[in-house]
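Counting from 1, one number per residue, gives the positions in the sequence shown under UniProt numbering.
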Amino acid sequence: ARISGLEMESRRQTKGSRRKSPAMEVLRKLWYLLRLSVRHPSRVPTWDAIVLTAASPEQAHLYDWQLQRAKRMGRIASSTITLAVPDPHGARIGSGAATLNALRALASRLTQ
C-alpha cells in the first residue's frame with residue numbers, strides 16, 4: 001500500500017518523536033508569554049487584542065464564549081480585546097479575505 005508524505009510524517013511523530021514543528025514551537029512560546037502577561041503584567045505586557053476568524057456566526061459565537069471563559073478564568077487579561085469574527089453573510093470567503101474582514105472588525109472596535 002502506498003503511504004502519503006503526510007501519513008509518514010504522522011507515523012514518525014507518533015513513534016515517540018518529540019520534535020515539534022516550528023509553528024507549534026512558536027505557538028507554545030506565545031501561549032507561555034500570554035499566560036505570563038496575565039500573572040505579571042508589570043513584567044510582561046499583555047496582548048492588546050485576540051481576534052479569531054470563524055466560518056459561520058455559530059462558530060464565532062462558540063469562539064467568543066471560549067474567549068470570554070478564558071478571561072473569566074484569568075487566562076486572558078481582562079483588558080485584552082477579544083473578537084470572534086464570522087465570514088460575512090454566511091459565505092465562506094477564504095483565509096486571506098477572512099483575515100482582512102477580522103482586521104476591519106478590530107479597527108471598527110478600536111474606533112468606537
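For glycine and all other residues, C-beta sits at the position ideal for the given N, C-alpha and C.
Kindly give me the distance between the Cβ atoms of THR53 and VAL85, rounded to whole angstroms, as I take these residues to be in contact under 8 Å.
-> THR53 to VAL85, Cβ: 6 Å. Contact.
What is the rounded straight-line gap between the Cα of LEU67 and the Cα of LEU83?
-> Answer to the nearest angstrom: the Cα atoms are 8 Å apart.
Should TYR63 be labelled buried (16 or more other beta-carbon atoms within 10 Å of its own) or exposed?
-> Label assigned to TYR63: buried.
Is the number of C-beta pairs between the segment 30-41 and the segment 68-78 that are closer than 8 Å three or more?
-> At 8 Å Cβ cutoff, the stretches touch.
Cα-Cα separation, THR99 to ALA23 | For THR99 and ALA23, the distance between alpha carbons rounds to 18 Å.
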